[in-house]
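A short worksheet on the structure shown next.
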Amino acid sequence: MPGGRLTLQERQQIALGLADSLPYAEIARRLDRPTSTVTREVMRNGGPTAYRADLAHRATERRAHRRGPASSRGSGPGPQPHGRDAEAVAEYEETLTTALMASGLPKMTARVLTCLFTTDAGSLTASQLAQRLQVSPASISKAIAFLESQSLVRRERDERRRDRYVVDDELFYQATIASARSNDQLVETARRGVAVLGPRTPAATRLENIARFLDFISESITRAAEQAREVLHTRPGTTSDQTARPDPDHG
154 MPGGRLTLQE RQQIALGLAD SLPYAEIARR LDRPTSTVTR EVMRNGGPTA
204 YRADLAHRAT ERRAHRRGPA SSRGSGPGPQ PHGRDAEAVA EYEETLTTAL
254 MASGLPKMTA RVLTCLFTTD AGSLTASQLA QRLQVSPASI SKAIAFLESQ
304 SLVRRERDER RRDRYVVDDE LFYQATIASA RSNDQLVETA RRGVAVLGPR
354 TPAATRLENI ARFLDFISES ITRAAEQARE VLHTRPGTTS DQTARPDPDH
404 G
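Residue numbering for the sequence shown follows the numbering used here, beginning at 154 and increasing consecutively.
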């Protein structure tokens with residue numbers, strides 16, 4: 154039934170679809186479910202290569218059982234600022250976490266980043282993150298270390314000398330530049346192989362073409378990030394017409 158919980162039979166159909174290498178959209182169409190429902194179900198239960206219908210179903214039942222007593226006491230999502238619908242926010246956070254996982258982030262790292270993205274202040278302390286996500290400080294520390302290494306968050310001290318973890322306007326730009334530059338060592342190593350394997354040999358040609366390809370991609374990403382950088386600084390209330398579009402002919 155669309156909108157209700159997935160049944161065991163539906164999960165078995167998802168597993169069969171994954172085994173046949175069907176895209177999430179096609180599996181969802183066959184189940185008459187939103188694509189986001191199938192994507193979220195797969196990513197929160199091991200991903201496309203490790204998904205098992207029976208394990209996923211039991212995990213969902215355990216989660217429902219843990220939430221049961223809290224629901225009976227009337228506790229639910231806390232009040233939201235700006236009149237937001239708390240249940241809609243919680244559902245969106247789960248959807249965003251799933252999308253970040255699909256892009257390659259580990260689950261806890263994706264949950265931490267989602268927390269920071271959906272907080273108006275754009276910053277939280279480790280204890281605030283642990284409380285919001287109901288996990289140990291050690292889990293937060295590991296996730297933050299990875300996000301810092303990817304330039305996706307930065308650390309700063311507040312007036313109480315506590316570490317705060319921040320996502321701001323510049324971090325996506327910095328992460329994009331860092332990603333482009335991460336290819337540099339591979340480019341250099343590939344070109345070193347050209348000399349070792351002998352110019353004009355098939356292996357050397359392959360490595361040279363890889364190096365040229367990565368060089369071109371890195372330069373294109375860097376140029377595009379520089380041109381689009383101002384988009385990250387658009388203030389609330391600014392329309393798309395008011396935001397200057399990057400000029401492809403002028404950096």
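Note that beta-carbon positions come from the ideal geometry of N, C-alpha and C, so glycine has one too.
Model, not experiment: these values are computed from the prediction.
Suppose you measure from the CA of residue 274 to the CA of residue 162; what does that come to, to the nearest Å?
Using only the alpha carbons, I get a separation of about 43 Å.
Taking the alpha carbon of residue 339 as the point to measure from, which residue in 160, 361 and 320 has its own alpha carbon closest?
Selected option, being the one with the closest Cα: 361.
Spatial distance of residue 270 from residue 322 (CA atoms)
If you take the alpha carbons of residue 270 and residue 322, they lie about 11 Å apart.
Minimum C-alpha distance to residue 335 - residue among 309, 316, 304 and 358
Among 309, 316, 304 and 358, the Cα nearest to that of residue 335 is on 304.
On the CB-based measure, 16 or more other CB atoms within 10 Å of its CB, does residue 358 come out buried or exposed?
With fewer than 16 neighbouring CB atoms inside 10 Å of its own CB, residue 358 falls in the exposed class.
Nearest-angstrom Cβ-Cβ length linking residue 408 and residue 266, presumed shorter than 8 Å:
Shown here, the chain extends from 154 to 404; a query on residue 408 therefore has no answer.
Can you give me the Cβ contacts of residue 371 inside the same chain, cut-off strictly under 8 Å, excluding the 5 residues immediately before and after it?
Only 333, 334, 336, 337 and 340 meet the Cβ criterion.
If you follow the alpha helix (DSSP H) that residue 245 is in, where does it begin and where does it stop?
Segment 239-255, the alpha helix (DSSP H) holding residue 245.
Report the residue from 184, 301, 353 and 242 whose alpha carbon sits nearest the alpha carbon of residue 325.
It is 301.
Closest to residue 367 by C-alpha separation, out of 349, 342, 388 and 354, would be which residue?
Residue 342 holds the alpha-carbon nearest to the alpha-carbon of residue 367 among 349, 342, 388 and 354.
Which residues bound the alpha helix (DSSP H) around residue 342?
Unbroken alpha helix (DSSP H) run through residue 342: 337-350.
What residue range does the alpha helix (DSSP H) around residue 326 cover?
Residue 326 -> alpha helix (DSSP H) spans 324-334.
Let's test the definition: count the other Cβ atoms within 10 Å of the Cβ of residue 202 and tell me whether it reaches 16, buried, or not, exposed.
Flag for residue 202 reads exposed.
Give the C-beta separation of residue 209 and residue 198 to the nearest angstrom, bearing in mind that I take them to be a contact with Cβ-Cβ under 8 Å.
Contact annotation, residue 209 with residue 198: C-beta distance approximately 4 Å; criterion of less than 8 Å satisfied.
Tell me whether residue 359 sits in a helix, a strand or coil according to DSSP, three-state version.
In the three-state DSSP reduction, residue 359 falls in the helix class (H, G or I).
Assign residue 349 to one of two classes, buried (16 or more other C-beta atoms within 10 Å of its C-beta) or exposed (fewer than that).
Residue 349 is exposed by the Cβ-count criterion.
Across which residues does DSSP place residue 278 in a beta bridge pair?
DSSP lists 317 as partners of residue 278.
Identity of the residues DSSP links to residue 285 by a beta bridge:
Bridge partners of residue 285: none, in fact.
Give me the residue from 376, 291, 315 and 363 with the minimum Cα distance to residue 327.
Closest by alpha carbon: 376.
Among 236, 260 and 234, whose alpha-carbon lies nearest the alpha-carbon of residue 194?
Nearest option by C-alpha distance: 260.
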